[in-house]
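The structure appears below as structure tokens.
Protein chains in written order, with this note's numbering: chain R, 1 to 271; chain E, 1001 to 1254.
Below you can see the structure in the form of structure tokens.
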């Protein structure tokens, strides 16, 4: 944890003038030859600017939906908030325990049982053995896996796999929840249960950042909406004002005039 | 150390994953080096019997076990960050844990081999001596040295994919110039060549120290001890600094 993050309150999220670009080449690693002769290959597609000078300040307990076209920078923003990808410029910080659900079940060892993967996943979030043991029963019960919990996850159906992934993430006492389009988990009953569990965590004071293309889900779960386009933040405000704006953007994208980035409800303090 | 338990989990996973489902399971970690040692003993202890050292098989095996630790740890650490790409891309945790757990698994194997080999050697050679008290220090230095190299190699390989192939190409000649089958002083009279064999190859003083303590029953020379302490410190501090410096973009490159 950086000193900057230590200065934030649990659940507080700060993103200041954040910019990040990615090389669009297939082989992103450099070869030794390039390092030795000190230059990189010219040509190829230009770098993709996933975030361009994005700022936002999210208070503990806020619920923020993030929408935009494919490639607008939503997932990149989440990966930056989760501390997985560093910024090229600007600064970022999340206070408290950050639980990211960018891909449920990422890093599951397929040969290991569901139970063993609970321990590994908990450990990935910095939990100790006793802390995981204390949550074990709740996780297993929530996942509805029953006796399958002791079978290797390689034998799970994709629904079971995702259910276990969600159940673990949902029981890690998050101060900040970062969720990327993963709520379409299992059947409808389980989805409802997931939403209820997230609502429970929000009621308990957690901050939520949710990326989704499901407008109805965002309207149900979030009070604040951020619309991203081409790596820029083009709207930040209450969800009931933001959704019409977003629909206009998606419906008649070319006709949307450049919108000022400071609509009502903007909470980024002027720098 | 919030991630102490993660390290434990990763070591356990590494130990069990590789040979999961095989009949002998983790025993393979011991069988491979034992077979390798058997082959080299057959080659250099029986067929091309140089036998300039007493109890030559033991002389050879004690050196070989150190080399196998170094070799296996570095070779398996190199691609480890790429192998665990799913974790690196999706979660935030100290990434050093990945190569460190790989090296730790090899350490466990190495200690098991030492636990088999050392009593036999000491009993055969009658080399039970207070010098043996230095063994923990020597092994700690060896571990730190290898860990440092493994950190450097793993992070370099994540960015420059030529590192692992270069390494596997280099390790074979490196193996033959390491004082495993011979003592440098017994194969060359030339001072420069001896100096290179004894001191330029950083693995040589580690082999020498372990061999002095277990096979020779003597305290390693002061210069040799100083060398391994310095080499361990430099490798660990340098390897970790390099890892920290380069690890930022890891989620993007793996």
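In this text, a Cβ means the ideal position worked out from N, Cα and C, and glycines have one as well.
From E:1077, E:1011, E:1043, residue whose alpha carbon lies closest to that of residue 1149 of chain E: Nearest option by C-alpha distance: E:1077.
Between E:1244, E:1084, E:1210, which has its C-alpha nearest residue 1131 of chain E's C-alpha? E:1210
Terminal residues of the continuous beta strand (DSSP E) containing residue 66 of chain R? 63–68
Can a CB atom of chain E be found closer than 7 Å to the CB of residue 200 of chain R? no
Determine, using beta carbons only, whether residue 1245 of chain E comes closer than 7 Å to chain R. no
My understanding is that residue 1099 of chain E touches residue 1151 of chain E, with C-beta atoms under 8 Å, so please give their C-beta distance in whole angstroms. Yes, they are in contact, since the Cβ atoms of residue 1099 of chain E and residue 1151 of chain E sit about 6 Å apart, within 8 Å.
Between the Cα of residue 102 of chain R and the Cα atoms of R:79, R:69, R:112, which residue gives the shortest distance? R:79
Using a cut-off of 8 Å between C-beta atoms, extract the partners of residue 106 of chain R located in chain B. Annotation note: the requested chain B is absent from the structure, which comprises protein chains R and E.
I'd like the span of the alpha helix (DSSP H) that includes residue 178 of chain R, first residue to last. Run containing residue 178 of chain R: none in the alpha helix (DSSP H); it sits in the beta strand (DSSP E), 176–180.
Hey, residue 1066 of chain E and residue 1207 of chain E: beta-carbon distance below 7 Å or not? yes
I'd like to check one pair, residue 95 of chain R with residue 9 of chain R: are the Cβ atoms closer than 7 Å? yes
Quick one, which residues of the region 90–123 of chain R are near chain E if we go by CB-CB under 9 Å, in chain order? 98, 100, 102, 103, 106, 107, 108, 109, 111, 112, 116, 119, 120, 121, 122, 123
Opposite residue 58 of chain R in the DSSP bridges: which residues? R:13
With 16 other CB atoms within 10 Å as the buried threshold, where does residue 1260 of chain E fall? Shown here, chain E extends from 1001 to 1254; a query on residue 1260 of chain E therefore has no answer.
Using the Cβ count rule (16 or more neighbours within 10 Å means buried), how would you classify residue 157 of chain R? exposed
Measure how close the beta-carbons of residue 1220 of chain E and residue 1212 of chain E come, nearest whole angstrom, since I'm counting them as under 8 Å. About 4 Å separates the beta carbons of residue 1220 of chain E and residue 1212 of chain E, which is inside the 8 Å limit, making them a contact pair.
For residue 129 of chain R, return the contacting residues in chain E, with the cut-off set at a CB-CB distance below 7 Å. 1005
According to DSSP, residue 21 of chain R sits in a beta bridge with which residue or residues? R:49
In whole angstroms, what is the alpha-carbon distance linking residue 264 of chain R and residue 199 of chain R? Caution is warranted here: a pLDDT of 48 is assigned to residue 264 of chain R, below 50, making its placement in the model unreliable, and the coordinate value is therefore given only provisionally. The straight-line gap separating the alpha-carbon atoms of residue 264 of chain R and residue 199 of chain R is approximately 26 Å.
Could you round the C-beta distance between residue 208 of chain R and residue 77 of chain R to whole angstroms and report it? I think they count as a contact, below 8 Å. So it is not a contact: roughly 14 Å between Cβ atoms.
Does residue 1188 of chain E come out as helix, strand or coil in the three-state DSSP assignment? coil
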